[in-house]
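The listed protein sequences correspond, in order, to chains A and B.
Per the working numbering: the first sequence = residues 11 to 187.
Per the working numbering: the second sequence = residues 11 to 187.
Where a beta carbon is used, it is the ideal one built from N, C-alpha and C, also for glycine.
Predicted model only: the values in this text are computed from it and were never measured.
Remarks on the structure that follows.
Protein chains: 2
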Amino acid sequence: MSLPHALLGLLSVHPRSGYELTKAFERDLGRYAWQAGHTSIYPELNRMAEAGLVEVTHEGARGARTYDVTPAGREELRTWLLSPPKQAKVRNEQVLRMFLLSALEPADALVVLHRIAEATDQGVTELRKVREDHGEAPMTGAEGFGQLAAEFGLRQYAAVGEWARWAIDRLEREQGA
Amino acid sequence: MSLPHALLGLLSVHPRSGYELTKAFERDLGRYAWQAGHTSIYPELNRMAEAGLVEVTHEGARGARTYDVTPAGREELRTWLLSPPKQAKVRNEQVLRMFLLSALEPADALVVLHRIAEATDQGVTELRKVREDHGEAPMTGAEGFGQLAAEFGLRQYAAVGEWARWAIDRLEREQGA
DNA sequence: CCGCTACATGTCAATAGCGACATGTCGAGT
DNA sequence: ACTCGACATGTCGCTATTGACATGTAGCGG
């Protein structure tokens, strides 16, 4: 049940509506950390409002409701972030695919590995651009989030790309031998 | 629905029982790629056996049943692995925590970042040992899996560790200024 | 031979999450 | 005036997943 914490985190950076939260999940958060659609988000916001973790601070056009974190919500988020990181739950289909590669014939595996290497290169290029746009904004607060995310994604892509190239190298050497 | 593919992948490396599959998930697979408990695995194996993707090749002591992949299962796995990687679903609580760090006071964030850096160092050390034990075994087949996993985890830990140190550096510089 | 641990498989109720469907509004362009 | 795309929130049924509970066996040390 990490969704409520993700929502608290986003709202604590700055208040927004369920719709805007959904967009945030489609952008950074959902790509690397935790994906969720609006069908999970709206009901969860209502639950959290009932529990007193968030509150509606403004009602705009088209029924839009802006949520903000309450002191109780802020406390809950802080406690969660500072609590000892137990056994984490991981679900990542891409990574699973990589792990299962050794079940393929070497020739097939090479095809997939090359595809991975290309995809990560593209990711690195994209994020380098994002990084340059952000520049030297402060780490905490509204801008910090995007920066942390971009920098993390960048290193993540780079690492996967290097791994893929390592695997390609290993495989090709074996094939040749 | 990646669980059946994960099971096909593991079994295609070498046949084993549901119990041994469960152990495999607790070890590498569940740590980085896809976690699942025995309560998902056993029913899934039965479904897959009914669907003709796997079959019981041996019955051992204590009711243990060894499963192996059928040709149909092998075909299914190959198709899945070679099919275009669509939009991936990601769920990783640790990464989520990292993303939400910017919602904390800088002092609190630094505490967590230092903890992350330490944890990744430990992970790197562990996996370096695993890598040395494996040595130069071939990439595909029974040994390949562990190697791919270890190498991937190693690079993953290293990348996260570097990211944490980058963030610490940034934060401390801001605090000082 | 007793007790403990690891082996080995399962059910079932509750919860989480997704895809399909549903509804309505505001603003821009034609 | 009209249409269309983005804004904005929701329900509901189906499937996936988890946690608690249940059951029994083989082997080992004392």
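- Sorting Tyr-29(B), Phe-109(B) and Leu-18(B) by C-alpha distance to the C-alpha of Val-64(B) places Leu-18(B) at the top.
- Across the structure, Arg-75(A) and Pro-14(A) are spaced so that their CA atoms are roughly 17 Å apart.
- Cβ contact annotation for Gly-83(A) (same chain, cutoff 8 Å, sequence separation greater than five): Leu-18, Leu-21, Ser-22, Met-58, Gly-62, Leu-63 and Val-64, in chain order.
- In this chain, the beta strand (DSSP E) harbouring Thr-67(B) covers 64 to 69.
- Taking the CA atoms as reference points, Gly-171(A) sits about 8 Å from Glu-128(A).
- The segment 24 to 100 of chain A is shown to contain whole alpha helix (DSSP H) runs of 4 or more residues at 28 to 34, 48 to 60 and 81 to 92, in chain order.
- Residues of the segment 41 to 74 of chain B whose Cβ lies closer than 8 Å to any Cβ of chain A, in chain order: Arg-41, Tyr-42, Ala-43, Trp-44 and Gln-45.
- Here the C-alpha atom of Tyr-42(B) lies approximately 43 Å from the C-alpha atom of Ala-71(A).
- Three or more Cβ pairs closer than 8 Å define a contact, and the segment 158 to 165 of chain A meets that threshold against the segment 132 to 142 of chain A.
- One Cα belongs to Ala-98(A), the other to Arg-165(A), and the distance between them is close to 20 Å.
- Counting of Cβ neighbours within 10 angstroms places Asp-38(B) among the buried residues, the total reaching 16 or more.
- Taking a Cβ-Cβ cut-off of 9 Å, the neighbours of Asp-118(A) in chain B comprise Arg-88, Leu-91 and Leu-92, given in sequence order.
- Taking 8 Å as the cut-off, the beta carbon of Gln-45(B) is found closer than this to the beta carbon of Arg-101(A).
- Taking a Cβ-Cβ cut-off of 8 Å, the neighbours of Lys-99(B) in chain A comprise Gln-45, Arg-101, Asn-102 and Glu-103, given in sequence order.
- Setting aside the 5 residues that flank it on each side, Asp-179(A) has no residue in the same chain whose C-beta is closer than 6 Å to its C-beta.
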